[in-house]
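Okay, structure first, notes after.
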Amino acid sequence: METANRRLIRPSLNNAKEQAASRRNQTQKKTIPPDQTHAESFYYLKQMQSKTPMVVVLKDGETVHGIIEWYDRCCLKVNREDGPNLLIYKPSIKYMYKATEA
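For the sequence shown, the numbering used here assigns the number 177 to the last residue and increments by one with no breaks.
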């Protein structure tokens, strides 16, 4: 039986490190979406500046007609012609729409 010279073939450590680094870079390229898009603030500012008549429907079914005067993180101030101005907490709002869309 003839014996052949066998050579041990082993991948270099540099190749393994490069492959691991490229895998890490691929997963890091995915960006995390922002926590806030500020779409709500943009919508309120637009309606306030144009003084758009709005209809706010509360969770209990009551509707409030008026113009948004200002807002903050937790509430809206709605000016009404047919009654006193109201401070409405955002958690009590079911939805709202422009009065012209009714």
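Idealized CB from N, CA, C, for every residue including glycine.
These numbers were taken from a predicted model, which means no experiment stands behind them.
Would you tell me roughly how many angstroms separate the C-alpha atoms of residue i and residue j, rounded to the nearest one?
i: P166; j: G141; result: 18 angstroms
i: W145; j: K121; result: 11 angstroms
i: T112; j: A95; result: 34 angstroms
i: P128; j: D157; result: 13 angstroms
i: Q124; j: I143; result: 9 angstroms
i: R98; j: R81; result: 33 angstroms
i: L133; j: K92; result: 59 angstroms
i: K173; j: T138; result: 12 angstroms
i: Y170; j: Y164; result: 12 angstroms
i: L83; j: I107; result: 45 angstroms
i: D135; j: P159; result: 20 angstroms
i: R155; j: P109; result: 36 angstroms
i: I168; j: N90; result: 59 angstroms
Hey, out of the options, whose CA is closest to residue i's CA?
i: S116; options: T175, C150, G136, N89; result: C150
i: L161; options: N89, V130, D110; result: V130
i: Y118; options: D147, K105, A177; result: D147
i: T175; options: K126, K152, K105; result: K126
Just grab the DSSP bridge partners of residue i for me.
i: K173; result: M129
i: L162; result: K152
i: I84; result: Paired residue(s): none; I84 is not in a bridge.
Segments of 4+ residues assigned as alpha helix (DSSP H) that fall wholly inside the segment 104 to 156: Those alpha helix (DSSP H) runs which fall completely within the segment 104 to 156 and span 4+ residues are 114 to 125.
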